[in-house]
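Read in our numbering, the sequence shown has 276 at position 100, and its numbers run on one by one without any break.
Beneath this line is the structure, given in structure tokens, with notes to follow.
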Amino acid sequence: MQLPGYSAKKINAYHSIGGPDLAKKAAEEVLGVPIDKVVVLNYDAFQDIVNMVGGVDLYVPKNMKYTDRAAKLYIDFKKGRQHMDGYQAMCFARFRHSDDDFHRMERQRDLMLAIKDGVMRNPGLIAPLSNKAVELLGGGLEGEEMIALADFAKGLPADNIKMSNLPTLPGRGSNLNLDIDKLDQTLRENFLVEDPMAGNKVTSR
């Protein structure tokens, strides 16, 4: 996509140029939906959170082996169920060497649910974890908001936690193009715009 005054770029490229604010502007331009909050993940805080709940149990769907010295990723997992500490869980979430972002998103959802289970087993950790989560999200949410979310998540079934992808079309190389024709449907399914079938008008882009 292309913002005025810039050449066409990926949204994460806009982030590298102008930080979260410019990435937010680019995402809003693509979606036609106002964005209330922007978070920038702190991987050190993420590892601390996993360690605070005593690690997580995750199923590794296949053998994973990859080294990225620049990113400090040294990954060597065997297929099967494993107990992971913070660093291992971070590697599990970031692995993308032999698959794509869609598979990585599935792993990240599994990891989120495992962390939720760990928090629910240790409710006394909610307050300190909420403070650490503020650090994890780069200040994108306040401590009170994190506590409210944790309280809401207590009774939230796993099936009600949904992650979704924007519709795409093949692009050049590994790059994908947004499928504009299917975008409104995807936004409606994720309750990001109003549904015209309910007598409301879909937000125009």
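Heads up, the beta-carbon is just placed ideally off N, CA and C, and yes, glycines get one too.
Bear in mind that the values here come from a model prediction, so they are computed numbers and not experimental data.
Cut-off 8 Å between Cβ atoms - residues of its own chain near residue i, not counting five sequence neighbours on either side
{"i": "V236", "result": "F253, K254, K255, G256, R257, Q258, F268"}
{"i": "K377", "result": "Confidence at K377 is low in this model, with a pLDDT of 45, below 50, so its placement is unreliable and the value that follows should be read with caution. E370, listed in sequence order."}
{"i": "N188", "result": "A199"}
{"i": "L345", "result": "L352, N353, L354, D355"}
Continuous alpha helix (DSSP H) stretch holding residue i: start and end
{"i": "V310", "result": "302-312"}
{"i": "I356", "result": "356-365"}
{"i": "D424", "result": "The chain is shown only over 177 to 381; residue 424 falls outside these bounds and no answer can be derived."}
{"i": "Y190", "result": "187-207"}
Buried or exposed (CB count within 10 angstroms, at least 16 for buried), residue i
{"i": "R283", "result": "buried"}
{"i": "H191", "result": "buried"}
{"i": "A265", "result": "buried"}
{"i": "S274", "result": "exposed"}
{"i": "S306", "result": "buried"}
{"i": "R270", "result": "buried"}
Close Cβ partners of residue i (< 7 Å) along its chain, the five nearest in sequence each way excluded
{"i": "R381", "result": "Reliability fails at R381, whose pLDDT of 44 lies under 50, so the model's placement of it is uncertain and the value that follows must be treated cautiously. Excluding positions up to five away in sequence, the list reads G208."}
{"i": "A329", "result": "K292"}
{"i": "G375", "result": "Residue placement at G375 is poorly supported in this model, since its pLDDT is 49, which falls under 50; the coordinates still yield a value, given next. Once the five neighbours on either side are set aside, G375 has no close Cβ partner at all."}
{"i": "M260", "result": "G231, V232, L234, F268"}
{"i": "P196", "result": "V214, V216"}
6 Å Cβ shell around residue i - same chain, five flanking residues per side excluded
{"i": "S340", "result": "N366"}
Simplified DSSP assignment, three categories, for residue i
{"i": "I291", "result": "helix"}
{"i": "Q258", "result": "strand"}
{"i": "K338", "result": "coil"}
{"i": "F271", "result": "coil"}
{"i": "N353", "result": "strand"}
{"i": "Y263", "result": "helix"}
{"i": "D286", "result": "helix"}
{"i": "M296", "result": "helix"}
Range covered by the beta strand (DSSP E) that runs through residue i
{"i": "I251", "result": "249-253"}
{"i": "V232", "result": "232-236"}
{"i": "L325", "result": "Run containing L325: none in the beta strand (DSSP E); it sits in the alpha helix (DSSP H), 319-329."}
{"i": "L345", "result": "344-346"}
{"i": "Y242", "result": "240-244"}
- prompt: Below 8 Å, can you find three or more Cβ-Cβ pairs linking the stretch 320-337 to the stretch 301-308?
  reply: yes
query: How about the stretch 281-299 and the stretch 224-233: do they share at least three Cβ pairs that are nearer than 8 Å?
result: yes
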